[in-house]
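*Asks:*
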Amino acid sequence: EAAVTQSPRSKVAVTGGKVTLSCHQTNNHDYMYWYRQDTGHGLRLIHYSYVADSTEKGDIPDGYKASRPSQENFSLILELASLSQTAVYFCASSGGTVSDYTFGSGTRLLVI
Amino acid sequence: AQSVTQPDARVTVSEGASLQLRCKYSYSATPYLFWYVQYPRQGLQLLLKYYSGDPVVQGVNGFEAEFSKSNSSFHLRKASVHWSDSAVYFCAVSNTGNYKYVFGAGTRLKVIA
């Protein structure tokens, strides 16, 4: 069954440390996305990619980097984690439109 | 800029009662509209979507939504809720053919016995 798998499911990070969140999809989709969910704000797009070895900024990219080494894998990198980056992070894949999104189960990140 | 407002952060209803979750959007043209549900510790799952045509769209598990251009709304309804409907519901909008969503803040639904 096609799916989007995120790892880790949860993580506690120290302020100023580096954090890498990973995402793997088996949907054969070209597009992959990282969204952030904060209470009271819904999901907001951080970065996305439509082809391997290329990433694009979303609506809230500051403080985040992304990496797409292959069609199947998409990582979100926090070089210097901050308290304000405590949130739930969702990865998703699609064929290029919103009609076929598949979301992962989320990664709950706590920065202390 | 596109925006989505879900005015009710939390809604509590009794099992078997009817449900309406409200969604208002701001967009200059007719957007694509969606409702997603998030069960605990799971990703978002699509309930239903509206692109054009009949303003009432049917979704999974007995949910339906009605698009109103005049009111810029896309309210979600269910005739009789079950305890398993307890979840967070997100309304979302997208530009036609676009690749990304703008989400509302979500409404947490609690169904009580």
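The listed protein sequences correspond, in order, to chains A and B. If you want the working numbering, it's the 1-based position in the first sequence plus 7. If you want the working numbering, it's the 1-based position in the second sequence plus 4. No residue lacks a Cβ here, since even glycine has one placed at the ideal position from N, Cα and C. Because the structure is a prediction, the values reported are computed rather than measured.
Between residue 26/A and residue 88/A, what straight-line distance do the alpha-carbon atoms span, to the nearest angstrom?
*Replies:* Going from the Cα of residue 26/A to the Cα of residue 88/A covers about 7 Å.
*Asks:* Which residues in the same chain have their Cβ closer than 7 Å to the Cβ of residue 66/A, if we skip the five residues on either side of it in sequence?
*Replies:* So the list reads 51 and 52, once near-sequence residues are dropped.
*Asks:* Report the residue from 10/B, 37/B, 36/B and 34/B whose alpha carbon sits nearest the alpha carbon of residue 24/B.
*Replies:* Minimum Cα distance to residue 24/B is reached at 10/B.
*Asks:* Would you give the residue range spanned by the beta strand (DSSP E) that residue 31/A belongs to?
*Replies:* Looking at the DSSP string, the run of the beta strand (DSSP E) that includes residue 31/A is 26–32.
*Asks:* In chain order, which beta strand (DSSP E) runs of at least 3 residues are fully inside the segment 22–107 of chain A?
*Replies:* DSSP runs (the beta strand (DSSP E)) wholly in the segment 22–107 of chain A: 26–32, 38–45, 49–58, 61–64, 72–74, 80–85 and 94–101.
*Asks:* Could you check which residue in 49/A, 81/A and 48/A has the C-alpha nearest to that of residue 63/A?
*Replies:* Checking every option, the nearest Cα to that of residue 63/A belongs to 81/A.
*Asks:* Are any of the Cβ atoms in chain A nearer than 8 Å to that of residue 62/B?
*Replies:* For residue 62/B, the answer is no, since every Cβ of chain A falls outside 8 Å of its Cβ.
*Asks:* For a contact defined as C-beta to C-beta under 7 Å, what are the partners of residue 52/A on chain B?
*Replies:* Those are 104, listed as they occur along chain B.
*Asks:* Strictly below 7 Å CB to CB, what residues from chain A border residue 107/B?
*Replies:* The contacting residues are 49 and 50.
*Asks:* In chain B, what lies closer than 8 Å to residue 101/A by C-beta?
*Replies:* Per Cβ cutoff of 8 Å: 103.
*Asks:* Would you please verify whether the beta carbon of residue 66/B is less than 8 Å from any beta carbon of chain A?
*Replies:* With 8 Å as the cut-off, residue 66/B does not count as an interface residue toward chain A.
*Asks:* Tell me, please, whether the CB atom of residue 29/A is closer than 8 Å to any CB atom in chain B?
*Replies:* Taking Cβ atoms only, chain B never reaches closer than 8 Å to residue 29/A, which makes this a no.
*Asks:* Checking contacts by CB at 8 Å: is residue 96/A closer than that to chain B?
*Replies:* Not closer than 8 Å to any Cβ of chain B, the Cβ of residue 96/A fails to qualify, so no.
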